[in-house]
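Protein chains in written order, with the numbering used here: chain A, 32 to 515; chain B, 468 to 584.
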């Protein structure tokens, strides 16, 4: 039981090469890998909420010399999101992968998927700054190759673009870790946090902070560093898009929060260096500009990709408000948006599976032949806009409350105005799929593809009505970040 | 401390800027990868500089040596070099596939062929 923190990273890691050895059962292996990780994540989250933070020392080497894992409420929350989405995606993806990936590459696909899961879980679980970089690269490298498996040749360019920007971002993070090590002589996050306060005015630490913020922002796809995201989401295989859209940017945002609050201390980023002066305008720009671009896209996946950039803006906006309410809103939205985009992209993947295209012009009238898939898109779209009784409403509500608490009424207004733009692009999708005459020949997707989709969509409605669960955990997470 | 007493850091900054410039300004994908490599190498030099102490040796107990350098930054950079090799090989593999699919590895020509400039 005490090893559970490392088990959820190790299980997918060990199972990944097994996919190469037993190609026939690659899907089954991936399924068991993610299911096991999900079970671990649930146990971890319950333990963290019940007993307190989990510290696990790798190989018995005491920190700060050895590598330690550290999971707090926020970490447990993100672990749950990642493993939940991963498990549902694997269940959903059995046929979708067969239709999109060459047969002799399917086992390689699942191997990469498990490695990507390993990296993602490792980033969240670790308490060591250099370990973050290593796991980040494991997750990123597997992601690049997964994206390149897309059928369209543009997937190759999307992957290459992401590789270049992602590597620059990761190297920035590496520089930052180097500078921090130079000043403190330690890599352990808790240890770093205790030695940094007396060094906070040195240029080296400030440079480390700047490199880290820009590097992680590249991985978050914070506007205007988001150029890699729309193409990567659009041309990757559907399965990869779902997993990426639901988890990767949230994990990067988790890294940012972990460094801002745990390592540098909550006052450093916002009181000393005033990062919010940059983060706040950029977030609002992200929300508006990306939503506007989304309205004019012709491809369903691209609409949702640009909408993702906008939604990331909401999360960073919550962080930039720099009060506990804003932080809570950001954390809730990380979770909710993960579920929203997961559900939406699963439904879109279903359309892609039956019709073979996600271009709006090919999808005319698909709502009549695929009612369940379309129902999921409509409900997911409502959550994206923030219609009451959906999860999206809860996070936006908290965001507006946080903005008003700081007397930033213009921010609250901006959030409301952006919802109208979101409603416009969602309406465009609904209009095309329901009301336009078309000869779309799709039929409903099989039950095991509908079930994961509707499970996520049902959770959106449930979490929109019963907010105790998500808000409760997010408040705990925000609290433990601000005053550890 | 004169301006050039830590000249290795100047080299780091110089290499870093050259690398980033190549990544941003070159259209040829292979050259972008070279730029990325130069950029990463500059960080390797940074880490190695951190670990170096003038006149110190590796931390192996032996007579006549009193000053030891911290080997950890060098170990870290060993990991980073492996990551760099993996990134480079993946990038080159992608370039080969791009060349097969488009018949060119020039970014502008590729965008022109896809028609979404």
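Heads up, the beta-carbon is just placed ideally off N, CA and C, and yes, glycines get one too.
Output needed for residue i: all residues of its chain with C-beta closer than 7 angstroms, excluding positions within five of it in sequence on either side, in chain order.
i: residue 352 of chain A; result: 433, 434 and 437
i: residue 609 of chain B; result: Because chain B here runs from 468 to 584, residue 609 of chain B falls outside it and cannot be looked at.
i: residue 182 of chain A; result: 131
i: residue 314 of chain A; result: 344, 347, 348 and 351
i: residue 231 of chain A; result: 299 and 303
i: residue 360 of chain A; result: 349, 426, 429, 430 and 433
i: residue 423 of chain A; result: 367, 371, 414, 415, 416 and 417
i: residue 488 of chain A; result: 374, 407, 410 and 411
i: residue 104 of chain A; result: 79, 80, 504, 507, 508 and 511
i: residue 99 of chain A; result: 86, 87, 88, 89, 158, 159 and 219
Going by DSSP in three states, residue i sits in which element: helix, strand or coil?
i: residue 450 of chain A; result: helix
i: residue 86 of chain A; result: strand
i: residue 102 of chain A; result: strand
i: residue 159 of chain A; result: strand
i: residue 504 of chain B; result: helix
i: residue 573 of chain B; result: strand
i: residue 359 of chain A; result: helix
i: residue 390 of chain A; result: strand
i: residue 495 of chain B; result: strand
i: residue 330 of chain A; result: strand
i: residue 354 of chain A; result: coil
i: residue 501 of chain A; result: helix
i: residue 533 of chain B; result: coil
i: residue 524 of chain B; result: strand
i: residue 566 of chain B; result: helix
Taking 8 angstroms as the threshold (beta carbon to beta carbon), is residue i in contact with chain A?
i: residue 497 of chain B; result: no
i: residue 569 of chain B; result: yes
i: residue 507 of chain B; result: yes
i: residue 552 of chain B; result: no
i: residue 471 of chain B; result: no
i: residue 564 of chain B; result: yes
i: residue 519 of chain B; result: no
i: residue 512 of chain B; result: no
Taking buried to mean at least 16 other C-beta atoms within 10 Å of its own C-beta, is residue i buried or exposed?
i: residue 484 of chain B; result: exposed
i: residue 576 of chain B; result: exposed
i: residue 529 of chain B; result: exposed
i: residue 492 of chain B; result: exposed
i: residue 58 of chain A; result: buried
i: residue 356 of chain A; result: buried
i: residue 447 of chain A; result: exposed
i: residue 255 of chain A; result: exposed
i: residue 302 of chain A; result: exposed
i: residue 417 of chain A; result: buried
i: residue 456 of chain A; result: buried
i: residue 499 of chain A; result: exposed
i: residue 252 of chain A; result: buried
i: residue 164 of chain A; result: buried
i: residue 474 of chain B; result: exposed
Spatial neighbours of residue i within its chain, please: CB distance less than 6 angstroms, with the 5 preceding and 5 following residues excluded, ordered by chain position.
i: residue 442 of chain A; result: 434
i: residue 111 of chain A; result: 72 and 76
i: residue 523 of chain B; result: 534, 535 and 536
Candidates the options: which alpha carbon is nearest residue i's?
i: residue 33 of chain A; options: A:316, A:71, A:307 and A:136; result: A:71
i: residue 269 of chain A; options: A:378, A:497, A:81 and A:407; result: A:378
i: residue 319 of chain A; options: A:420, A:355, A:449 and A:403; result: A:449
i: residue 113 of chain A; options: A:356, A:176, A:73 and A:236; result: A:73
i: residue 153 of chain A; options: A:169, A:142, A:369 and A:144; result: A:169
i: residue 490 of chain A; options: A:367, A:83, A:149 and A:444; result: A:367
i: residue 40 of chain A; options: A:69, A:51 and A:49; result: A:69
i: residue 485 of chain A; options: A:120, A:316 and A:361; result: A:120
i: residue 155 of chain A; options: A:288, A:80, A:406 and A:505; result: A:288
i: residue 516 of chain B; options: B:557, B:476 and B:472; result: B:476
i: residue 84 of chain A; options: A:66, A:398, A:341 and A:106; result: A:106
i: residue 503 of chain B; options: A:384, A:396, A:134 and A:197; result: A:197
i: residue 191 of chain A; options: A:203, A:177, A:204 and A:202; result: A:177
i: residue 286 of chain A; options: A:247, A:184 and A:60; result: A:247
i: residue 259 of chain A; options: A:308, A:397 and A:187; result: A:187
If you drop the 5 nearest sequence neighbours on each side, which residues of the same chain put their C-beta closer than 8 angstroms to that of residue i?
i: residue 482 of chain B; result: 505, 506, 508, 509 and 512
i: residue 305 of chain A; result: none
For residue i and chain B, any beta-carbon pair shorter than 8 angstroms?
i: residue 406 of chain A; result: no
i: residue 143 of chain A; result: no
i: residue 450 of chain A; result: no
i: residue 179 of chain A; result: yes
i: residue 212 of chain A; result: yes
i: residue 165 of chain A; result: yes
i: residue 209 of chain A; result: yes
i: residue 247 of chain A; result: no
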